[in-house]
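Here the sequence shown stands for residues 7 to 326, numbered as in the numbering used here.
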Amino acid sequence: MRKKRYLFLIIGLVLIVLVSSCTSKDVVVENKNSSKKVQEESKSSKEDDLEKIMIQFKTLISENKEPDEVVEFIDENIEKVSKKESVDMIKEFEKLQENYIALYTEELHKENRQQTLAKLYPNSDIDPKKIEEIKDEELKKIISKMIKGRYKIVNEEGFYFPKIDYEIFKKYEKNLSDELKEYLNIKVVESDSPAIIDGEITVSWDELGNRLIKIEKYLTKYPKGIKCEEVMRIYGEYLVMYMSGSDNTPIYNAKDKKIKKDIFDNYKKIVSNNKDTITANVINEYMKIIEKNNHISDSVVTSRLVELYNEAIGRFEECE
Numbered sequence: 007m008r009k010k011r012y013l014f015l016i017i018g019l020v021l022i023v024l025v026s027s028c029t030s031k032d033v034v035v036e037n038k039n040s041s042k043k044v045q046e047e048s049k050s051s052k053e054d055d056l057e058k059i060m061i062q063f064k065t066l067i068s069e070n071k072e073p074d075e076v077v078e079f080i081d082e083n084i085e086k087v088s089k090k091e092s093v094d095m096i097k098e099f100e101k102l103q104e105n106y107i108a109l110y111t112e113e114l115h116k117e118n119r120q121q122t123l124a125k126l127y128p129n130s131d132i133d134p135k136k137i138e139e140i141k142d143e144e145l146k147k148i149i150s151k152m153i154k155g156r157y158k159i160v161n162e163e164g165f166y167f168p169k170i171d172y173e174i175f176k177k178y179e180k181n182l183s184d185e186l187k188e189y190l191n192i193k194v195v196e197s198d199s200p201a202i203i204d205g206e207i208t209v210s211w212d213e214l215g216n217r218l219i220k221i222e223k224y225l226t227k228y229p230k231g232i233k234c235e236e237v238m239r240i241y242g243e244y245l246v247m248y249m250s251g252s253d254n255t256p257i258y259n260a261k262d263k264k265i266k267k268d269i270f271d272n273y274k275k276i277v278s279n280n281k282d283t284i285t286a287n288v289i290n291e292y293m294k295i296i297e298k299n300n301h302i303s304d305s306v307v308t309s310r311l312v313e314l315y316n317e318a319i320g321r322f323e324e325c326e
């Protein structure tokens with residue numbers, strides 16, 4: 007009788023364990039399913055939020071809202087979107103800025119605004135910290151709007167006009183692709199230190215050559231990049247300047263038309279230091295033409311410039 011009692015007790019304990027085990031498994035499965043459901047709902051919610059942000063952004067762009075309003079939206083939302091959407095935002099915003107330059111330039115040329123600015127900021131760019139000095143309230147308002155829209159007001163050739171302030175875009179770097187970051191760095195250099203002003207080349211031939219090589223690396227690295235066409239345009243401008251100089255900065259001596267020794271030496275340097283690059287190969291061909299012509303810059307040399315330019319551009323993959 008006692009044995010039977012023990013037997014029933016053991017069977018009962020086994021049943022309890024089995025039931026407990028099944029219940030525990032069910033709870034684990036239920037918890038896993040619940041957690042998965044929460045994750046899926048959270049992911050769906052984030053995707054919905056991202057979509058709403060991008061719809062709002064595209065609406066601002068399609069309505070041609072002014073840059074200060076659009077960049078305010080970007081500042082509020084860029085941390086909430088993915089890198090891909092961040093790139094799209096900055097790319098579209100830059101286009102919007104470019105489209106507004108003509109309108110803002112016109113605003114700065116109305117009435118006597120240029121004279122007003124010339125008196126306040128003689129021969130210098132406008133310091134954003136000193137716009138309170140402007141007494142003309144309408145002019146102060148438009149300049150404040152430009153600065154908030156990520157422009158700087160520069161003085162070149164005696165005139166004040168807006169330029170995109172690429173330096174400020176660095177605040178978004180962690181949200182952007184490597185390609186766009188490298189593009190913005192190229193634009194920062196050109197914006198902060200233009201290669202040519204008023205027909206005069208303002209950087210050394212060494213710097214001009216280095217910029218060419220840096221841009222070539224970008225074009226080689228991102229042959230189908232979103233900014234390929236713009237970077238190719240900059241490369242072409244630099245290449246023409248590097249090979250032919252400018253109206254106010256010729257590559258030859260006025261007296262005998264001989265190509266300046268320091269410039270020719272720089273050609274040698276860029277070829278020697280950058281072998282197997284498109285730029286170095288084209289400059290090497292150019293040097294041979296110069297040497298064959300006894301270093302004289304005349305129609306024999308200049309007539310080959312277009313051919314060499316086309317050869318260089320043609321070696322890059324075509325931008326989409």
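All residues carry an ideal CB built from backbone N, CA and C; glycine is no exception.
What's the C-alpha gap between residue i and residue j?
i    : j    : result
C234 : K227 : 10 Å
N191 : F99  : 17 Å
L109 : E78  : 20 Å
K274 : E222 : 18 Å
Y224 : A318 : 15 Å
E206 : S197 : 16 Å
K294 : E173 : 40 Å
E47  : I59  : Confidence at E47 is low in this model, with a pLDDT of 45, below 50, so its placement is unreliable and the value that follows should be read with caution. When rounded, the distance between both Cα atoms is 18 Å.
E162 : H115 : 14 Å
L123 : D204 : 20 Å
F322 : Y244 : 15 Å
K220 : Y189 : 11 Å
D142 : R217 : 41 Å
K151 : K281 : 47 Å
Y248 : P128 : 32 Å
K101 : D54  : 26 Å
K64  : E57  : 10 Å
E82  : K71  : 16 Å
L126 : E236 : 35 Å
D262 : R310 : 20 Å
E291 : P73  : 46 Å
K267 : L145 : 49 Å
L314 : L66  : 44 Å
T283 : E75  : 43 Å
Under 8 Å by Cβ, that's how I've got residue i and residue j pegged, so tell me the actual separation to the nearest angstrom.
i    : j    : result
V307 : N299 : 5 Å
S252 : I202 : 6 Å
G215 : N272 : 6 Å
E112 : I148 : Not a contact, Cβ separation roughly 10 Å.
Let me check understanding here. Comparing Cα to Cα, which of the options lies closest to residue i?
i    : options                : result
E179 : I96, S150, M247        : I96
K176 : Y110, K193, F167       : K193
S211 : Y189, P229, S250       : The sequence given here has Trp at residue 211, not Ser. It is S250.
M238 : C325, Y106, G155       : C325
Y157 : F63, P168, K101        : P168
D171 : N181, F165, G155, E162 : G155
P269 : I257, N280, K263       : The sequence given here has Ile at residue 269, not Pro. Looking at the Cα atoms, I257 is the closest of the given residues.
L186 : L66, V93, S309         : V93
G164 : L56, I132, D184        : I132
S68  : E53, N105, L56         : N105
D184 : I265, K90, V209        : K90
I296 : T208, D282, K264       : K264
G242 : G320, N70, S130        : G320
N254 : K146, T208, V76, V195  : T208
I107 : E82, K125, I153        : I153
I240 : I276, V195, L66, D262  : V195
Within 10 Å of its beta-carbon, does residue i have 16 or more other beta-carbons around it, so buried, or fewer, so exposed?
i    : result
S312 : The sequence as given places Val at residue 312; Ser does not occur at that position. So V312 ends up on the exposed side.
A260 : exposed
N118 : exposed
S199 : exposed
Q103 : buried
N316 : exposed
T285 : buried
S303 : buried
I80  : buried
I61  : exposed
P229 : exposed
N279 : exposed
N181 : buried
At a cut-off of 6 Å, would you count residue i as near the ligand NAD, judging by its Cβ distance to the nearest heavy atom?
i    : result
E162 : Absence of the ligand NAD is noted for the structure shown, with no ligands found whatsoever.
- Message: Whether or not the segment 131-150 and the segment 83-94 are in contact is what I'm after, with contact meaning three or more pairs of Cβ atoms, one per stretch, closer than 8 Å; do they touch?
- Response: With a cut-off of 8 Å, the segment 131-150 and the segment 83-94 do not count as touching, because too few Cβ pairs lie within range.
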